[in-house]
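Shown next, in structure tokens, is the structure this report addresses.
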Amino acid sequence: MMDDNFNLIESTIRLDKHNLFLELNDGSRLFLPKSQQEKLHHYVDQKVDFGIRPDFISIAEENDQLNTIHGELTSLETKDGFQLVHFKIAHKEMISRLRYSALAACDIGQSLRFNFDTFFSHIFDQDTQVNLTI
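Residue numbers (the UniProt record's numbering): 1 to 134.
Structure follows, in structure tokens:
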């Protein structure tokens, strides 16, 4: 069973000019806040685990561009007044926890844009599982 409290996905830290970003296995990019970039410069081109709680992944608004990734909706469930939205990105199942959602069972299988609030994310060393961003 999947942990619906935390998402972990393998990624690689990359440098684009002066900014660090995460590259997922499918080539998707997530840009990191400056506060995290300062702690991760020694990890450029290294594999890490990107962690984010489901509460900080939302369905992207039409005008959202930064940190949006297409994912395939795989299932929906209601739990404790929230809708748990299961989706797949970079060959990995992820969960978003939404308070208000218009998604229905007929949407399963659709490609949706998800927004990741990386300000609340964590980056872990793959070997030691040490949180590199605290």
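Think of the CB as a built atom: it goes at the ideal place given N, C-alpha and C, for glycine as much as any other residue.
Close-in-space but distant-in-sequence residues of the same chain around residue i (CB under 6 Å, 5 per side omitted)
i: T12; result: E23 and K47
i: D117; result: F56
C-alpha distance - residue i paired with residue j, whole-angstrom precision
i: F6; j: S111; result: 22 Å
i: N63; j: N115; result: 11 Å
i: T68; j: R53; result: 16 Å
i: L132; j: I123; result: 6 Å
i: V130; j: L98; result: 29 Å
i: L30; j: L66; result: 8 Å
i: R113; j: E61; result: 8 Å
i: K79; j: G51; result: 22 Å
i: T128; j: G81; result: 36 Å
i: R14; j: S121; result: 16 Å
Cutoff 8 Å: residue i Cβ touching any chain B Cβ
i: I95; result: The structure shown has no chain B; it contains just one protein chain.
Same chain, Cβ closer than 7 Å to residue i, five either side skipped, listed in chain order
i: T74; result: H86, F87, K88, E93 and I108
i: S28; result: I69, I89 and A90
i: F119; result: P33
i: A105; result: L76
i: N25; result: E10, A90 and H91
Sub-8 Å separation of residue i and residue j beta-carbons
i: F21; j: L8; result: no
i: E10; j: D49; result: yes
i: Q83; j: S58; result: no
i: L76; j: L103; result: yes
Nearest to residue i (by Cα), restricted to the options the options
i: Q126; options: K34, L103, R113 and Y43; result: Y43
i: E72; options: I95, T128, D80 and G51; result: I95
i: I134; options: S35, G81 and A104; result: S35
Cut-off 8 Å between Cβ atoms - residues of its own chain near residue i, not counting five sequence neighbours on either side
i: M1; result: Only weak support is given to the placement of M1: the predicted model assigns it a pLDDT of 40, under 50, and the question is left unresolved by the model.
i: F17; result: This sequence places Lys at residue 17; Phe is not what is there. Taken in chain order, the list of residues that qualify is empty.
i: Q37; result: N19 and L20
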